[in-house]
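Written below as structure tokens is the structure these notes are about.
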Amino acid sequence: MASTALFFLFAGFAIMCAISMVYHKNPLYSAISLVGVFISLSCIYVTLAAPFIAAVQILIYAGAIMVLVVFVIMLLNLDDQQTQNRLRYLWALGGGLGLVLLVQTFFIFYAVMRAPQQASDQALTVGKTLSIGQSMYTIYLLPVEIVGVLLLMAIIGAVILARRLAQPQLELVVDQELDRRNEEELEDEYRIKL
Amino acid sequence: MEPVIKTAFPFIVTAVAVLIAFQMVLMIVAYTVLAERKVLGWIQGRIGPNRVGPWGVLQPFADLLKFIFKEDLVPDKSTKFIYFLAPLVALVCALMPMVVYPFGPAITTVDWTFLPYGLGEGIRTLPLTIAQIDVGVLFVLGITSVGVYGIALAGWSSNSKYSLMGGLRSSAQMISYELAMGASVIGVVMLAGSLDLGGIIYAQQTSPFRWYIIPQFVGFLVFLIAAFAETNRVPFDLPEAETELVAGFHTEYSALKFALFFMAEYVNMFTVSVMCTVLFLGGWYVPGLSHIFEPGSIPYALVSHFAFIGKIVAFLFFYIWVRGTLPRFRFDQLMNFGWKFLLPVALANVIVTTIVVFFLNR
Chain A
9 MASTALFFLF AGFAIMCAIS MVYHKNPLYS AISLVGVFIS LSCIYVTLAA
59 PFIAAVQILI YAGAIMVLVV FVIMLLNLDD QQTQNRLRYL WALGGGLGLV
109 LLVQTFFIFY AVMRAPQQAS DQALTVGKTL SIGQSMYTIY LLPVEIVGVL
159 LLMAIIGAVI LARRLAQPQL ELVVDQELDR RNEEELEDEY RIKL
Chain B
138 MEPVIKTAFP FIVTAVAVLI AFQMVLMIVA YTVLAERKVL GWIQGRIGPN
188 RVGPWGVLQP FADLLKFIFK EDLVPDKSTK FIYFLAPLVA LVCALMPMVV
238 YPFGPAITTV DWTFLPYGLG EGIRTLPLTI AQIDVGVLFV LGITSVGVYG
288 IALAGWSSNS KYSLMGGLRS SAQMISYELA MGASVIGVVM LAGSLDLGGI
338 IYAQQTSPFR WYIIPQFVGF LVFLIAAFAE TNRVPFDLPE AETELVAGFH
388 TEYSALKFAL FFMAEYVNMF TVSVMCTVLF LGGWYVPGLS HIFEPGSIPY
438 ALVSHFAFIG KIVAFLFFYI WVRGTLPRFR FDQLMNFGWK FLLPVALANV
488 IVTTIVVFFL NR
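So the protein lines, in turn, are chains A and B.
Note that the first sequence covers residues 9 to 202 in the numbering used here.
Note that the second sequence covers residues 138 to 499 in the numbering used here.
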């Protein structure tokens, strides 16, 4: 009874935050709403007896990734986003994808309702740290390793992209600055001559 | 009526526990502020506050009253909602980890039936922890990492260049040092085989070294340094470097909103002291105390509790001492130190500990 009430409380909060994330024009408000979504999701995980996932959700998504996002938004100091006309035709695509998602949700709901209802064993809760660690490094070792390599590739890619773009731009800036100074010197020379 | 009260009784017990813990932590925090001014005064050859009450002991309350009655200025061009949200986020995130602190050992030998309903149905022990959760270490690290938003948003919403620079610096610094901090904790977690703060203390009692500061000395040093950076204390107080940024992220905050930030900073100091004590100094555990008192009795719990508080106070004193001793880093030095020295050392510590634990457990 209490857990159902808590579920609806946090689920409602999550949906409210999600809507506000999509509808806010200011990117920083959107980012904060997304943090709200993550925190309410982690509260739902706690009510589902998965404390490890809840803690990791807060630690990684709310505490690390979204801080970086907020950091970037603050650094760029973006203004309110203008409505972009060239994205108008994507409304139809978005609507279609939303419909697919809705059908999927109903299918999952249907499948869960049809499944035989079994009481879960409290001693064997899957959310405990030990069981997660054991299954990650025994049954699911290969997927974990693949995801790890994928993340490493993404990091290396980001580093290489940043380096390749930064170096010529820096040289360009230096060249422009030198040109400007040369021109100023020339002007000064003319002035002295005049 | 009777069954309702019976159902509600465990909640009442928890609420009372939360109130007591809250009160205790805030009193310690208030007197840390006073102790800081006193100790800094002694270090610098001054007297320190000594006017309010005998030896200045009522100074924290005078300060609080002053904060309440000051004019509450709000910058005209600030983003109002976030401007008001930021101090709340900072203080709430600082206070929330309190629910998992192990303040002492569980009291098991007392019969609680003199209370109207005992401690609830079938509960005979009184743990001196408000909530015992499986992942206490991750909970504390996660909540304190959310606390960054308080500072970052305060800097952004004030619409002032000093605040923005302070907020940016602070988020960069906290992201960087969080990694080293998390990595330094992993060694302890592997030795203890538990993420629960109480479980780590019990694991230290049965380990041959008693306190994990001996086998995990490198981890302890990394944690201590990262803790200084996480709490924005000297020598890492770049976010509020007054010579360049006026007061950093809280430049535009006045009166009680400033007091909330101020309190959050000192509660964070308390939090990292608790974490340091629990992870590396055995928490409430005093070696040899079980020969004098019976474990689980009230005197055992009391002495252990005061040992716990004593260790925390020693850490808080160390903080103040460092503040009176060391100069401030430059920002590039801070970043280089965090990423190129502290993080590799913490990772090397994790690898070495993994190998040792693997061969010990074979």
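Think of the CB as a built atom: it goes at the ideal place given N, C-alpha and C, for glycine as much as any other residue.
Counting C-beta pairs with one atom in each stretch, the segment 219-232 of chain B and the segment 386-405 of chain B have three or more that are closer than 8 Å, which means they touch.
Listed by position along chain A, the residues whose Cβ is nearer than 8 Å to that of residue 289 of chain B are 75, 78, 79 and 82. Shown in chain order are the members of the segment 44-69 of chain A whose Cβ falls below 9 Å from a Cβ of chain B: 47, 50, 54, 59, 60, 62, 63, 64, 65, 66, 67 and 68. Looking at the backbone, the Cα of residue 149 of chain B and that of residue 155 of chain B are separated by about 10 Å. DSSP places residue 56 of chain A in the coil class of the three-state scheme, outside both helix and strand. Distance from the CA atom of residue 113 of chain A to the CA atom of residue 235 of chain B, rounded to whole angstroms, is 39 Å. The beta carbon of residue 178 of chain B does not come within 8 Å of any beta carbon belonging to chain A, so the residue lies off that interface.
Check the Cα spacing between residue 139 of chain A and each of B:269, B:381 and B:331: the tightest is with B:331. Residue 263 of chain B is bridged by DSSP to B:244. Residue 290 of chain B is not a Cβ neighbour of residue 366 of chain B, given a cutoff of 8 Å. For residue 187 of chain B, the number of other beta carbons within 10 angstroms of its own is below 16, and it is reported as exposed. Here the segment 334-345 of chain B makes no contact with the segment 99-115 of chain A; the two share fewer than three CB pairs at distances below 8 Å. Residue 119 of chain A does not reach chain B, its nearest Cβ partner there being about 30 Å away, counting only Cβ pairs nearer than 8 Å.
When A:21, A:35, A:184 and A:80 are compared, the shortest CA-CA separation from residue 47 of chain A is found for A:21. Taking each of A:143, A:35, A:44 and A:157 in turn and checking the Cα distance to residue 24 of chain A, the smallest one comes out for A:44. The beta carbons of residue 441 of chain B and residue 423 of chain B sit closer together than 8 Å. No residue range can be given for residue 296 of chain B, since it is assigned to no alpha helix (DSSP H) and is classified by DSSP as neither H nor E. Under the 8 Å criterion on CB atoms, residue 106 of chain A is classed as non-interfacial with respect to chain B.
When only Cα atoms are considered, residue 144 of chain B and residue 160 of chain B end up about 26 Å apart.
Residues of the segment 139-165 of chain A with a C-beta atom less than 8 Å from some C-beta of chain B do not occur.
By the Cβ neighbour-count rule, residue 33 of chain A is exposed, with fewer than 16 other Cβ atoms within 10 Å of its own. In chain order, 282, 312 and 315 make up the part of chain B whose C-beta sits under 8 Å from the C-beta of residue 72 of chain A. Residue 388 of chain B carries a coil assignment under DSSP once its states are collapsed to helix, strand and coil.
Listed in chain order, the non-local C-beta contacts of residue 319 of chain B below 7 Å within the same chain comprise 278, local neighbours out to five positions each way being set aside. The beta-carbon separation of residue 329 of chain B and residue 479 of chain B, rounded to 22 Å, does not stay under the 8 Å limit for a contact.
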